[in-house]
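**Student:** All residue numbers for the sequence shown refer to our numbering, where the first residue is 32 and numbers rise by one. We treat Cβ as the ideally placed atom computed from N, Cα and C, and that holds for glycine.
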Amino acid sequence: MGAVRAWMVRAGADGEREDVSISEGLTIAGWPEVVGDLAGCMTPGDLKAELAKAYPRENPRVLGNWSGQLWRFRAVMSPGDLIVLPLKTGTIAIGHITSDYQFRAEAAPGFRHVRTVTWKRPDVPRTELRADLRATLGSLLTVSELRRFDAVKRLAKLAAGDSDPGNPDAPADVRLLEKPVELLHKVTAAPAGEPVRLAVRDLLSIWDFVSRSGKATATIRRDLDGLGLAVVPPITEVPSIDHMVRVVPIGLAPEAERQSLGEETADLELEPEDGDDSAADLLVDEESGSMDIGDNSLTAVGAGEGESGDDEEEPAHPAPVLVTVGRLPSARSELKTVKLTDPLGRAVELLSENAYDQLPVLNDDEHLCGSITWREIGATNHPATALVRDAAVLKVRSIRTDEPMVDCLADVADHGCVFVLNPDGSLSGIVTGHDLAHRFEQELRPYALIQELELRLRRALSKALMQVKEIHGEYGLPGDPAKIVKLANQGMNFSDYITLLKRDDVWQATGWKFPQQSFAERLDRVRKIRNETMHFHTSDDDRISAVKEIEVALQMLKTVQPQA
Numbered sequence: 032m033g034a035v036r037a038w039m040v041r042a043g044a045d046g047e048r049e050d051v052s053i054s055e056g057l058t059i060a061g062w063p064e065v066v067g068d069l070a071g072c073m074t075p076g077d078l079k080a081e082l083a084k085a086y087p088r089e090n091p092r093v094l095g096n097w098s099g100q101l102w103r104f105r106a107v108m109s110p111g112d113l114i115v116l117p118l119k120t121g122t123i124a125i126g127h128i129t130s131d132y133q134f135r136a137e138a139a140p141g142f143r144h145v146r147t148v149t150w151k152r153p154d155v156p157r158t159e160l161r162a163d164l165r166a167t168l169g170s171l172l173t174v175s176e177l178r179r180f181d182a183v184k185r186l187a188k189l190a191a192g193d194s195d196p197g198n199p200d201a202p203a204d205v206r207l208l209e210k211p212v213e214l215l216h217k218v219t220a221a222p223a224g225e226p227v228r229l230a231v232r233d234l235l236s237i238w239d240f241v242s243r244s245g246k247a248t249a250t251i252r253r254d255l256d257g258l259g260l261a262v263v264p265p266i267t268e269v270p271s272i273d274h275m276v277r278v279v280p281i282g283l284a285p286e287a288e289r290q291s292l293g294e295e296t297a298d299l300e301l302e303p304e305d306g307d308d309s310a311a312d313l314l315v316d317e318e319s320g321s322m323d324i325g326d327n328s329l330t331a332v333g334a335g336e337g338e339s340g341d342d343e344e345e346p347a348h349p350a351p352v353l354v355t356v357g358r359l360p361s362a363r364s365e366l367k368t369v370k371l372t373d374p375l376g377r378a379v380e381l382l383s384e385n386a387y388d389q390l391p392v393l394n395d396d397e398h399l400c401g402s403i404t405w406r407e408i409g410a411t412n413h414p415a416t417a418l419v420r421d422a423a424v425l426k427v428r429s430i431r432t433d434e435p436m437v438d439c440l441a442d443v444a445d446h447g448c449v450f451v452l453n454p455d456g457s458l459s460g461i462v463t464g465h466d467l468a469h470r471f472e473q474e475l476r477p478y479a480l481i482q483e484l485e486l487r488l489r490r491a492l493s494k495a496l497m498q499v500k501e502i503h504g505e506y507g508l509p510g511d512p513a514k515i516v517k518l519a520n521q522g523m524n525f526s527d528y529i530t531l532l533k534r535d536d537v538w539q540a541t542g543w544k545f546p547q548q549s550f551a552e553r554l555d556r557v558r559k560i561r562n563e564t565m566h567f568h569t570s571d572d573d574r575i576s577a578v579k580e581i582e583v584a585l586q587m588l589k590t591v592q593p594q595a
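Have a look at this one:
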C-alpha cells in the first residue's frame with residue numbers, strides 16, 4: 032500500500048448526496064447519465080468515451096476534465112486514503128476510504144458510482160481548519176486531491192479529534208492563493224446565465240502578468256483547470272488584452288453545470304485539449320514550488336514575467352499554434368444589423384450612419400442569413416414600403432472565429448469581406464481587405480525593421496573592423512584569428528554585434544557619438560526581441576513595444592549612417 036493521500040469529493044450542487052453519503056458510509060461520484068459500471072474502463076480514454084456517449088452535447092474540453100475526475104475516483108483513490116466531504120451546513124465530514132470503486136446497479140442514477148467510507152468526524156466546523164487549509168477546499172471540481180499545506184498530516188489530526196497543527200509556510204501561501212480564489216468565489220456567486228466578465232488585462236493581473244506570454248497563458252490555464260474554470264473565448268484568441276472574456280465553470284458535475292451556466296457546453300469556445308491529459312495532473316511534482324487547489328498546481332501569484340524572467344520554459348499547456356480569425360479585432364466587433372422584415376430605409380440609415388459598405392442581415396432566430404450593400408439598394412427603384420428582403424443577397428460567405436485566418440483570404444480577395452460567426456452560429460464580426468492588410472503589416476513590420484537594422488550594423492562594423500586592422504596591423508581582437516577574419520569578411524550574428532561594440536577600439540572606429548554602453552544594452556534588448564520574433568514567441572500585446580524598441584535603435588543608426 033502506498034502513501035496515504037487526501038481527497039475531496041463533493042455531494043452535488045445542492046448537497047443531494049450528503050444524507051446517503053453520511054448515513055450509509057459512502058463517497059459518491061455522481062454523473063447520473065453514466066449508467067454503466069466503470070470497472071471496465073481500463074484507461075482515462077475509455078472513461079472519456081463513456082462520458083461522450085452519456086453527454087453528447089458537452090465540449091471535448093469539459094469531457095476531458097470530467098474523465099480526469101472520474102478516473103481518480105475509479106482508479107487512483109485507495110483504501111486508507113483520507114476523504115473530505117464539504118456539507119451545506121458549512122461543516123465538513125472527514126473519514127477514511129475503506130474500499131475500491133464499486134458500482135451499485137440498484138441505486139438511483141447519480142448514486143451508483145461509490146466507495147465505502149468510515150466517517151471519523153461527520154461535522155467538523157470549518158473554523159477548526161486554518162485559513163490555508165480551508166482555501167484548498169475551494170475548487171469546483173467534484174473529485175479533487177488535497178496535497179498542499181501538509182494537508183494529509185493535518186486532516187489526519189482533525190479526523191482523530193485533534194486540532195489543526197497548521198503549516199509554517201501558511202501566511203505566505205494564503206496570500207498567494209487569495210486572488211485566484213476570489214475569482215472563483217465571484218464565478219460561483221454569479222446568477223445562472225450571467226457569467227463573470229472581465230478584460231483579459233484584468234485576468235492577467237490576478238497572476239501578476241502583464242501580457243499573454245507563453246508562460247502566462249500556460250500558468251493561468253493550469254490554475255483555472257485546478258479551480259474547475261475556463262475562459263471563453265480563450266485569452267489567446269481575442270485581439271487585445273482590453274477585450275472582454277467570460278469566466279465559466281467547466282469542472283462542475285453535469286447537474287451543477289446546468290444550474291450555473293444555464294446551458295450545455297458544446298458550443299462554448301474553449302481551448303482544445305492538448306491530447307489525452309486527463310491523468311497528467313496526477314504526476315505533478317510536489318517540490319515544484321507551486322501551490323495546489325484541487326488537483327492541478329496553482330502557481331504563486333507574483334510569479335509573473337518580472338519575477339523569474341523564465342519565459343522560455345516549455346509550458347505545461349502550450350499556447351495554441353493556430354492563428355485564428357478571432358484574433359482580428361474586427362472579427363469580434365459589434366456590428367449593426369438588420370432583419371429581413373425591417374424596412375429597407377432602416378438599412379439605408381444604418382449604412383449611412385456607420386459608414387458601412389455592407390450590413391449583415393439576420394433571420395428571426397438572430398442568425399446570419401444574408402447581407403445588403405449600396406449596390407443592391409441602388410440596383411432598382413424600390414417602393415417606399417420595400418423591406419430588407421426585397422434587396423438583400425441571401426447567399427453570404429462566413430467563417431467561424433476558431434477557424435484559421437488563412438482560410439478567409441480567398442473569400443476576402445474575391446468578395447471584399449467575409450462575416451465571422453461564433454461557434455454557436457451567432458454573428459461575431461466581419462473581416463475586410465483592410466483588416467487583413469493591417470494585420471499582415473503588424474506581423475511583417477518587425478521582420479522588415481530587424482532586417483534593415485542588421486544590414487546597417489553589419490556594414491558599419493565591417494568598416495570599423497577594417498579601420499582597426501589598418502591602425503594596428505591586425506584586427507586587435509582576442510580569440511581565434513580565423514574567427515575574427517570570418518566576422519570581418521563573411522558575416523556576424525547579433526551577439527557578435529554587441530560583443531564588438533563593447534570594445535573601445537571598435538566603438539571609436541565607428542565614430543558614433545551616442546553613449547556606447549546604453550546603445551549596447553539597447554541592442555541586447557533588440558537581440559532578445561529578434562530571437563522571440565524569429566521563433567514566433569512574440570504575442571500581440573508585446574509586438575507594439577517590441578517594434579518601438581527596434582525603431583529607436585534603427586533611428587539612432589540612421590542619424591550617423593543616413594545612406595542605406
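Let me know if Phe450 comes out buried or exposed under the rule of 16 or more other beta-carbons within 10 Å of its beta-carbon.
**Tutor:** Buried is the call here.
**Student:** Assuming Lys370 contacts Leu393 (C-beta within less than 8 Å), just tell me the rounded distance between them.
**Tutor:** The Cβ separation is near 5 Å, so the contact holds.
**Student:** For a test of the three-state rule: what should DSSP assign to Val174, helix, strand or coil?
**Tutor:** Note: Val174 maps to strand in three-state DSSP.
**Student:** In terms of residue numbering, what span does the alpha helix (DSSP H) encompassing Thr530 cover?
**Tutor:** Its alpha helix (DSSP H) spans residues 525-532.
**Student:** When you compare only the Cα positions, how much space is there between Phe471 and Ser429?
**Tutor:** Straight-line Cα distance between these residues: approximately 21 Å.
**Student:** Quick test of the definition: if touching needs 3 or more C-beta pairs under 8 Å, does the region 488-503 touch the region 456-467?
**Tutor:** Touching, no.
**Student:** Please state whether the Cβ-Cβ distance between Glu42 and Ser54 is less than 8 Å.
**Tutor:** Before going further, note that residue 42 is Ala rather than Glu in the sequence given. Contact: no.
**Student:** What did DSSP end up calling His348 once you bin it into helix, strand or coil?
**Tutor:** Its pLDDT being 44, under 50, His348 is placed unreliably by the model, and the measurement read from it follows with that caveat. Reduced to three states, the DSSP call for His348 is coil.
**Student:** Using 8 Å for Cβ pairs, my map puts Val424 next to Ile403. What's the rounded Cβ distance?
**Tutor:** Confirmed, Cβ separation roughly 7 Å.
**Student:** What's the gap between the Cα of Val35 and the Cα of Ala44?
**Tutor:** Going by the C-alpha atoms only, they are around 28 Å apart.
**Student:** Counting pairs of Cβ atoms below 8 Å between the region 437-455 and the region 471-481, do you hit three or more?
**Tutor:** As far as the Cβ criterion goes, the region 437-455 does not touch the region 471-481, which means the pair count is below three.
**Student:** Could you check the C-alpha separation between Ala247 and Asp254 for me, to the nearest Å?
**Tutor:** In a straight line, the C-alpha of Ala247 is about 11 Å away from that of Asp254.
**Student:** So, under 8 Å CB-CB, Val227 and Val145 are touching, yes? Tell me the CB distance rounded to an integer number of Å.
**Tutor:** Contact flag wrong, Cβ pair sits at about 34 Å.
**Student:** Alpha carbons only, please: which of Ser271, Ala551, Leu116 is nearest the one belonging to Asp535?
**Tutor:** Ranking Ser271, Ala551, Leu116 by Cα distance to Asp535 puts Ala551 first.
**Student:** Taking the alpha carbon of Leu27 as the reference point, which residue from Lys579, Gly542, Ala540, Glu176 has its own alpha carbon closest?
**Tutor:** This structure leaves residue 27 out entirely; the chain is present only between 32 and 595.
**Student:** Any heavy atom of the ligand PLP closer than 7 Å to the Cβ of Val269?
**Tutor:** As for the ligand PLP, it is missing from this structure, which has no ligand bound.
**Student:** If you draw a straight line from the alpha carbon of Phe545 to that of Arg178, how long is it in whole angstroms?
**Tutor:** Using only the alpha carbons, I get a separation of about 56 Å.
**Student:** Assess contact between the region 123-130 and the region 89-107, defined as three or more Cβ pairs (one per stretch) separated by less than 8 Å. Is contact present?
**Tutor:** Flag = no, the region 123-130 and the region 89-107 do not touch.
**Student:** Since Met39 and Pro156 are thought to touch, with beta carbons under 8 Å apart, how far apart are those beta carbons, to the nearest angstrom?
**Tutor:** Incorrect: roughly 17 Å between the Cβ atoms, too far for contact.
**Student:** For Pro126 versus Trp150, is the C-beta distance shorter than 8 Å?
**Tutor:** Contrary to the premise, residue 126 reads as Gly rather than Pro in this sequence. A contact, by the Cβ cut-off of 8 Å.
**Student:** Whose C-beta lies closer than 6 Å to the C-beta of Val605 among residues of the same chain, with five residues either side of it excluded?
**Tutor:** Outside the shown range of the chain, which is 32 to 595, sits residue 605, and nothing can be said about it.
**Student:** Could I get the ranges of all uninterrupted beta strand (DSSP E) runs contained in the region 47-74, with 3 residues as the minimum, in chain order?
**Tutor:** For the region 47-74, whole beta strand (DSSP E) runs of length 3 or above, ordered along the chain, are 57-59.
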